[in-house]
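Q: Before I ask anything, here is the structure I am working with.
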Amino acid sequence: MSKRELGRSGIQVPLLTFGGNVFGWTVDQAASFNLLDALLDHKLNFIDTADVYSSWVEGNKGGESETIIGNWLKKTGKRDQIILATKVGKPMGEGKVGLSPRYIKEAVEASLKRLQTDYIDLYQSHDDDADTPLAETMAAFDALIKEGKVRAVGASNYSAPRLAEALKVSQENGLARYEALQPQYNLYDRKVYEEALEKVVRDNGLGVINFYGLAAGFLTGKYRTKADAGKSKRGESVIARCLNERGLKVLAGLDKVAEKHGAQPGQVALAWQIARPSITSPIVSATSLQQLNELAQAATLKLDDADIKTLNDASAW
1 MSKRELGRSG IQVPLLTFGG NVFGWTVDQA ASFNLLDALL DHKLNFIDTA DVYSSWVEGN
61 KGGESETIIG NWLKKTGKRD QIILATKVGK PMGEGKVGLS PRYIKEAVEA SLKRLQTDYI
121 DLYQSHDDDA DTPLAETMAA FDALIKEGKV RAVGASNYSA PRLAEALKVS QENGLARYEA
181 LQPQYNLYDR KVYEEALEKV VRDNGLGVIN FYGLAAGFLT GKYRTKADAG KSKRGESVIA
241 RCLNERGLKV LAGLDKVAEK HGAQPGQVAL AWQIARPSIT SPIVSATSLQ QLNELAQAAT
301 LKLDDADIKT LNDASAW
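Residue numbers (the UniProt record's numbering): 1 to 317.
Set out below in structure tokens:
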């Protein structure tokens with residue numbers, strides 16, 4: 001498995017990141033353990049989760065994904081084989097939200113306890129927090145790195161101006177900087193990242209681990225008519241957002257390239273992202289070993305210039 005450096009962090013990551021949002025949501029602990037074992041078999045050892053996963057499930061309160069990963073780490077003793085990313089900042093109830101130094105210090109301890117580890121490889125701001133000065137947030141992250149509790153920090157859901165400002169604040173104050181960005185990006189959702197964020201990323205040598213790499217499953221090709229809505233819990237919302245004239249063009253482009261390579265549309269969609277110079281490691285999730293085995297093959301699928309053009313033209317924004 002080829003690897004790439006995450007920004008300037010010195011952390012080498014595989015070409016695909018596994019999204020741990022499914023743990024404690026669409027897969028239970030036993031199935032999660034099987035997926036985690038299989039990830040290592042595929043040398044896909046970069047796991048991204050968040051403290052808030054999966055609070056949206058009835059009966060959950062957040063922390064379920066981290067807890068499952070922590071239980072797996074305790075059972076297997078394979079912490080040194082995993083690159084572990086989690087996030088802070090989304091509402092966790094009881095006023096637990098944001099990026100104040102006080103809350104970051106509290107939240108990281110809670111995540112470390114659930115993950116049953118003494119360090120996090122990549123700790124990320126899950127949302128921007130306009131109510132906390134960037135200098136205070138970055139100083140809190142800098143302290144965690146100096147304490148050895150975090151190796152590097154990243155940002156998710158930041159606008160281009162705020163990301164640039166955060167990087168400037170870190171530089172001016174001699175603080176640790178965001179080494180990675182986690183934006184929404186895929187063949188269907190291109191504009192926001194390509195229009196402004198990508199320039200900040202490239203100018204500053206940041207890593208990018210984009211989420212919704214398969215547009216919530218749309219780019220696998222399983223949602224082609226309204227009748228396909230029942231294929232998953234997210235089917236209706238995916239179809240409402242993506243099943244339109246442009247979406248169908250994207251699927252047609254994926255089908256064309258997939259047929260040429262004897263591949264699946266989802267594999268092609270991920271290979272297109274991997275081929276983009278500014279993208280480090282797209283995030284993808286799976287709920288079964290079969291899905292994981294198929295998606296893992298995207299890391300070895302090489303697209304040529306004609307393939308890239310076909311997909312760029314089909315998904316032009």
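Cβ coordinates follow ideal geometry from the N, Cα and C atoms, glycine included.
DSSP state of Ala-155, grouped into three classes?
A: DSSP places Ala-155 in strand when its eight states are reduced to three.
Q: Which residues does DSSP pair with Ser-232 in a beta bridge?
A: The partner list for Ser-232 (beta bridge, DSSP) is empty, contrary to what the question assumes.
Q: Run the CB neighbour count on Ser-111, radius 10 Å, all protein chains shown included, and call it buried at 16 or more, exposed below.
A: Buried.
Q: In terms of residue numbering, what span does the beta strand (DSSP E) encompassing Gln-184 cover?
A: Looking at the DSSP string, Gln-184 is not in any beta strand (DSSP E), and its letter there is neither H nor E.
Q: The alpha helix (DSSP H) spanning Ala-299 covers which residue range?
A: Run containing Ala-299: none; DSSP gives neither H nor E here.
Q: Starting from the C-beta of Leu-289, find all residues in its chain whose C-beta is less than 8 Å away, skip the five residues before and the five after it, and write them out in chain order.
A: Asn-34, Leu-35, Ala-38
Q: According to DSSP, is Ser-65 helix, strand or coil?
A: Here Ser-65 carries a helix assignment [DSSP, helix/strand/coil].
Q: Apply the 10 Å Cβ neighbour rule to Ser-285 and answer buried if 16 or more other Cβ atoms are within range, or exposed otherwise.
A: buried
Q: In chain order, what residues of the same chain lie with their CB nearer than 6 Å to the CB of Glu-198, ignoring the 5 residues before and after it?
A: These residues qualify, in order along the chain: Ser-278.
Q: Below 8 Å, can you find three or more Cβ-Cβ pairs linking the stretch 86 to 104 to the stretch 45 to 57?
A: yes
Q: Should Asn-210 and Gln-264 be called a contact, given that it needs their Cβ atoms to be closer than 8 Å?
A: No, Cβ-Cβ distance for Asn-210 and Gln-264 is not below 8 Å.
Q: Would you tell me roughly how many angstroms separate the C-alpha atoms of Ile-83 and Leu-16, rounded to the nearest one?
A: 12 Å
Q: Spatial neighbours of Tyr-119 within its chain, please: CB distance less than 8 Å, with the 5 preceding and 5 following residues excluded, ordered by chain position.
A: Leu-112, Gly-148, Lys-149, Val-150, Arg-151
Q: Less than 8 Å separating the beta-carbons of Leu-144 and Tyr-123?
A: yes
Q: Please check if any C-beta of chain B sits within less than 8 Å of the C-beta of Met-138.
A: Going by chain labels, chain B is absent from the structure shown, which holds only one protein chain.
Q: Spell out the partners DSSP gives Arg-4 in its beta bridges.
A: Val-13
Q: For a test of the three-state rule: what should DSSP assign to Thr-117, helix, strand or coil?
A: In the structure shown, Thr-117 sits in coil (DSSP, three-state: anything other than H, G, I, E or B).
Q: Name the one or two DSSP bridge partners that residue 325 has.
A: Residue 325 lies beyond the range of the chain shown here (1 to 317); nothing can be said about it.
Q: Report the CB separation of Ala-296 from Leu-44 in whole angstroms; it is logged as a contact under 8 Å.
A: 6 Å
Q: In its own chain, which residues sit with a C-beta less than 6 Å from the C-beta of Ile-283, not counting the 5 before and 5 after it?
A: Thr-17, Gly-19, Asp-48, Ile-209, Phe-211, Gly-213
Q: Hey, out of Glu-5, Ser-156, Arg-162, Gln-171, whose CA is closest to Ala-139's CA?
A: Gln-171
Q: The beta strand (DSSP E) with Phe-46 in it runs from where to where?
A: 46 to 48
Q: Just checking my contact of Glu-179 with Gly-7 at CB under 8 Å: how many whole Å lie between their CB atoms?
A: Here Glu-179 really is in contact with Gly-7; their C-beta atoms are around 3 Å apart, less than 8 Å.
Q: By Cβ distance, which residues of its chain are closer than 8 Å to Lys-191, with the 5 residues on each side in sequence left out?
A: Trp-317
Q: What does the Cβ neighbour count give for Ser-2, buried or exposed, with the cut at 16 atoms within 10 Å?
A: exposed
Q: Thinking just about the alpha-carbon of each residue, which of Gly-24, Ile-69, Phe-46, Leu-311 is nearest to the one in Lys-61?
A: Gly-24
Q: Pull the bridge partners of Ile-283 from the DSSP assignment, please.
A: Answer is Thr-17, bridged to Ile-283.
Q: Look up Val-27 in the DSSP assignment and give the residues it is bridged to.
A: Phe-23
Q: Between Tyr-193 and the rest of its own chain, which residues show a CB-CB distance below 6 Å, the 5 nearest in sequence each way excluded?
A: Pro-183, Tyr-185
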